[in-house]
Amino acid sequence: MARATRHIVFSPSARSSLLQALKAVGRKDDVVALFDDLRCGPLEPLDPVLRGNWFSDVLGVDFEAGLVPLWHQEFWSQSLDPNYRLIAWTNRYATQDHLGFLAWASRLGELPGQVCDISDIDFEWTDREGNEHRQKLSVSLVPPVHFSLYNLFDQARPLRADERTEAAAEWRRIGTENGAFRAVFDGRLTSLPITAFDEALISATSTTLRKAAFVVGTVLWDMGEAAGWCVGDLALAARLAAIVEDGRLEAVGDISRGIRYWEVRRTRQNLPDQSSQNGAPT
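With UniProt numbering applied, the sequence shown covers 1 to 282.
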């Protein structure tokens with residue numbers, strides 16, 4: 001009897017897109033996702049408790065007690081279940097997809113596994129304003145209709161032995177670096193410091209109040225494909241709040257409620273020096 005198929009993705013949004021695509025073609029395959037965002041936090045060792053503590057102590061994000069370990073327990077038990085035909089979805093140019101795949105492939109051992117790699121596909125679509133686009137996409141950004149339009153379900157293939165070895169080596173490298181954040185630049189995973197996105201966040205603000213959600217969204221849009229969709233809104237919101245706490249930006253509203261409930265603007269120290277332009281003495 002043929003084994004049931006289980007698809008493996010590395011973000012909740014990718015799971016949602018894939019489930020919609022499967023439903024559209026009448027398939028009832030299982031889809032499991034890793035909810036922990038490996039683009040940030042310690043990877044070596046990949047200890048869920050340590051990662052949960054890092055999110056709280058360093059990033060200032062407090063998950064419910066035991067939630068991060070639960071994410072990992074459920075994901076690894078399901079994504080390495082030999083009773084299923086396992087298919088991992090990845091894009092080596094998308095940071096979250098690539099990191100998740102490396103973690104999964106390095107733990108697969110001798111288990112049979114398959115991969116659907118969309119790295120070399122340039123997706124085309126027209127937005128609501130009639131603008132045409134052609135670009136690579138992370139799995140989470142692929143419109144559900146494109147899974148069938150580009151025959152993505154037919155592209156799964158067995159994971160080769162050399163790919164497993166390479167994945168394990170790359171996982172060890174990036175894990176040993178243990179950067180606060182990670183991005184893909186020119187096709188290579190790169191570790192970044194905790195302050196990596198601070199200047200981009202400050203640059204997205206103004207002397208007048210702007211919604212924190214707008215600032216975060218602007219940076220997310222500007223990063224995009226060029227940096228492999230290297231950071232999520234949760235991490236950027238946490239860093240924006242940290243910049244406010246440091247006194248580099250001013251905030252109005254309730255930061256604890258989320259980015260929709262507060263606004264931010266530049267402080268005097270972050271304003272351009274106008275003295276040389278208006279003739280004022282220095």
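Think of the CB as a built atom: it goes at the ideal place given N, C-alpha and C, for glycine as much as any other residue.
Asked, Found
"Along the chain, which unbroken stretches of the beta strand (DSSP E) at least 3 residues long are found entirely within the segment 121–146?", "123–126 and 132–135"
"So V115 and A88 are in contact, right, with Cβ under 8 Å, and what is the actual spacing, rounded?", "5 Å"
"Could you tell me which uninterrupted beta strand (DSSP E) segments, each at least 3 residues in length, are contained entirely in the segment 54–115, listed from first to last along the chain?", "85–90"
"Please report how far the alpha carbon of V264 lies from the alpha carbon of A196, in whole angstroms.", "19 Å"
"What is the rounded straight-line gap between the Cα of W71 and the Cα of F35?", "6 Å"
"Where V68 and F55 are concerned, what is the direct C-alpha to C-alpha distance, given to the nearest angstrom?", "10 Å"
"How about L152 and I118: do their beta carbons lie closer than 8 Å?", "yes"
"Taking contact to mean 3 or more Cβ pairs, one atom from each stretch, closer than 8 Å, check whether the segment 245–262 and the segment 200–217 are in contact.", "yes"
"Taking C-beta to C-beta, are D233 and V252 nearer than 8 Å?", "no"
"Can at least three beta-carbon pairs, one atom from the segment 133–153 and one from the segment 90–102, be found at a separation below 8 Å?", "yes"
"Rounded to whole angstroms, how far is the Cβ of W105 from the Cβ of A167, which I believe are closer than 8 Å?", "The sequence given here has Ala at residue 105, not Trp. The pair is a contact, with the Cβ atoms about 4 Å apart (cut-off 8 Å)."
"Helix, strand or coil: how does DSSP classify I8 here?", "strand"
"Is there at least one non-hydrogen atom of the ligand ZN closer than 7 Å to the beta-carbon of S138?", "No copy of the ligand ZN appears in this structure; indeed no ligand is present at all."
"If you follow the alpha helix (DSSP H) that F214 is in, where does it begin and where does it stop?", "A212 to M223"
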